[in-house]
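Participant: Have a look at the structure that comes next, please.
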Amino acid sequence: MSTHSLGAERLPTVTAPLAGAVGAPAAAAHAAEAANLWRPSAPCTPQTCVDVTGPARAIPLAVLRIAAVLLLLIVGIALTPLSGRIPAEVIRRWCRWIVRAAGVRVRIDGGAAPDGGLLLVANHVSWLDIPLLAAVRPARMLAKSEIRQWPVAGWLTARSGALFIDRDRIRVLPETVGRIAEALRAGEAVAVFPEGSTWCGRAQGHFRRAAFQAALDAGVTVQPVRLHYRTAQGASGTAAAFVGEDSLLTSVWRVVRARELVAEAEVREPMAPGSRPDRRSLARAAEVSALLGPRQIQAPGPHRTVPFPAPGVVRTAPVTDAEQQPPALSRGPYGMTRAR
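Count along the sequence shown from 1, add 3, and you get the number used in my numbering.
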């Protein structure tokens, strides 16, 4: 399986004559720049997208919230050697407790198949998405390779059996897809955020196609899930968004200070093997299912919540009926981890 077959396009390469002409450093820089063109990104930033004007939790209570999250993570680390013998229901409850310990209420609507190979796909808003999606069904997470360097979280992610993708090496993408397919064939669940970058929730990105090729190769069901964060009053909230130049600590602090935040996971209709002929149509159908939610709430800020905004474009005009129809997906070949 070639890179071309996975992404419908080839990454521009530095040929030997070019490398000889401009020298190794310039050729390497050219290759790095070309690779970055394939990195998914979002226009969302904390300054323009994140609204924290609501009531704030007292600092001492927020500190206790962080301590509770850390305690649950420590328990998880201690039990990692026994993870293969821990019932899935216990893991699901533990993941819910992590979100709840941060002061965020959890609502899960629907359920995923409890066993067998399954590709879980969801939109990406926050670091809370990881335990929230695992509360639907525990799964091996597809994560960017940089996460390995994160303190505590990186080690825990690696020990959990996560699959890592190197976003700067497009030519190893077929190997990554192969590893995903192998895990799916073995009856495991794999969780992927196909937007490839976190968005604030008022706008969304397109689903990249590579992970869906793994589902086709393995002949397994694709399970779309819509993740959404709102206030107790029902308004769409962005306090949980982990976007732009946000550091993990900054985002965690913003979440534990926020009050009346609700995290929702809406499990959509599963897509059976063979229900779509190729990864393009499968990715598009999953995108429609996961992103076209029942509540399209208009909120202040640079983004309006519409089903399929073009990357980097902010809508200011009313959405017409024609715009409600999903356009063709962007032609990026991959992008399953958050770009920073």
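We put the CB at the ideal spot given by N, CA and C, even for glycine. Remember, it's a predicted structure, so these values are computed and weren't measured experimentally.
#1: Assign Val-78 to one of two classes, buried (16 or more other C-beta atoms within 10 Å of its C-beta) or exposed (fewer than that).
#2: Taking only three categories from DSSP, how would you classify Ser-239?
#3: For the beta strand (DSSP E) holding Val-124, just list the boundary residues, first then last.
#4: Indicate the three-state DSSP secondary structure (helix, strand or coil) for Glu-178 in the structure shown.
#5: Taking 7 Å as the threshold (C-beta atoms), are Arg-143 and Ala-164 in contact?
#6: Could you spell out the range, first to last residue, of the alpha helix (DSSP H) harbouring Pro-134?
#7: Mark Ala-104 as exposed unless 16 or more other C-beta atoms lie within 10 angstroms of its C-beta, in which case mark it buried.
#8: If I'm right that Ala-268 touches Val-124 with Cβ under 8 Å, what's the distance once you round it to whole angstroms?
#9: Straight-line CA distance for Ser-239 to Val-265?
#10: Just reading off the beta strand (DSSP E) that Pro-63 is part of, what are its end residues?
#11: At what residues does the beta strand (DSSP E) containing Ile-168 begin and finish?
#12: Mind checking Glu-272: buried by the 16 CB within 10 Å criterion, or exposed?
#13: Would you report the Cα separation of Ala-242 and Ile-173, rounded to the nearest angstrom?
#14: Over the uninterrupted beta strand (DSSP E) stretch that includes Pro-49, give me the two end residues.
#15: Our contact map puts Leu-122 next to Val-195 with C-beta atoms below 8 Å; I'd like the distance itself, whole angstroms only.
#16: Is Pro-84 helix, strand or coil when you go by DSSP?
#17: Output needed for Ala-71: all residues of its chain with C-beta closer than 7 Å, excluding positions within five of it in sequence on either side, in chain order.
#18: Tell me the start and end of each unbroken alpha helix (DSSP H) in the region 241–292 that is at least 4 residues and wholly inside, in chain order.
#19: Taking 6 Å as the limit between beta carbons, can you name the residues of its chain near Trp-382, skipping five residues before and five after?
#20: Return the bridge partner residues of Thr-160 from the DSSP annotation.
#21: Given that a residue counts as buried once 16 or more other Cβ atoms are within 10 Å of its Cβ, and exposed if not, what is Val-93?
#22: From which residue to which residue does the alpha helix (DSSP H) around Arg-99 run?
#23: For Arg-262, which residues from the same chain have a beta carbon less than 6 Å from its beta carbon, with the 5 sequence-adjacent residues on both sides left out?
#24: Name the DSSP beta bridge partners of Pro-227, please?
#25: I'd like the span of the beta strand (DSSP E) that includes Ala-192, first residue to last.
#26: Between Arg-182 and Val-155, what straight-line distance do the alpha-carbon atoms span, to the nearest angstrom?
#27: Rounded to the nearest angstrom, what separates Ala-342 and Gly-277 at their Cα positions?
Facilitator: Inspection of the coordinates gives the following:
#1: By the 10 Å Cβ count, Val-78 comes out exposed.
#2: Here DSSP, grouped into helix, strand and coil, assigns Ser-239 to strand.
#3: 121–125 is the extent of the beta strand (DSSP E) around Val-124.
#4: Helix, per DSSP.
#5: Residue 164 is actually Gly in this sequence, not Ala. The Cβ-Cβ distance between Gly-164 and Arg-143 falls below 7 Å.
#6: 132–139 is the extent of the alpha helix (DSSP H) around Pro-134.
#7: Ala-104 should be labelled buried.
#8: With a Cβ gap of about 12 Å, Ala-268 and Val-124 do not count as contacting.
#9: Approximately 10 Å, taken between the alpha carbons.
#10: Element bounds for Pro-63: not the beta strand (DSSP E) but the alpha helix (DSSP H), 62–81.
#11: Unbroken beta strand (DSSP E) run through Ile-168: 166–168.
#12: Exposed is the label assigned to Glu-272, since fewer than 16 other Cβ atoms lie within 10 Å of its Cβ.
#13: Rounded to whole angstroms, Ala-242 to Ile-173 spans 33 Å at the Cα level.
#14: In the DSSP annotation of this structure, Pro-49 is not part of any beta strand (DSSP E); the continuous alpha helix (DSSP H) holding it starts and ends at 49–52.
#15: Val-195 and Leu-122 do touch by the CB rule: their CB atoms are close to 7 Å apart, below 8 Å.
#16: For Pro-84, the three-state secondary structure derived from DSSP is helix.
#17: Counting only Cβ-Cβ distances below 7 Å, and skipping sequence neighbours, we find Ala-104.
#18: Here the runs fully enclosed are 251–260.
#19: As displayed, the chain neither begins before 4 nor continues past 343, which places residue 382 out of reach and without an answer.
#20: Listed as beta-bridge partners of Thr-160 by DSSP are no residues whatsoever.
#21: So Val-93 ends up on the exposed side.
#22: Per DSSP, Arg-99 belongs to the alpha helix (DSSP H) from 91–104.
#23: Scanning its chain for C-beta atoms nearer than 6 Å, with the 5 sequence neighbours on each side dropped, one finds around Arg-262 the residues Pro-58 and Arg-60, in chain order.
#24: Partner(s): Val-124.
#25: Its beta strand (DSSP E) spans residues 192–195.
#26: One C-alpha to the other measures close to 25 Å.
#27: With a pLDDT of 40 at Ala-342, under the threshold of 50, the modelled position of that residue is not reliable, and the figure given next carries that caveat. Taking the straight line from one Cα to the other gives about 31 Å.
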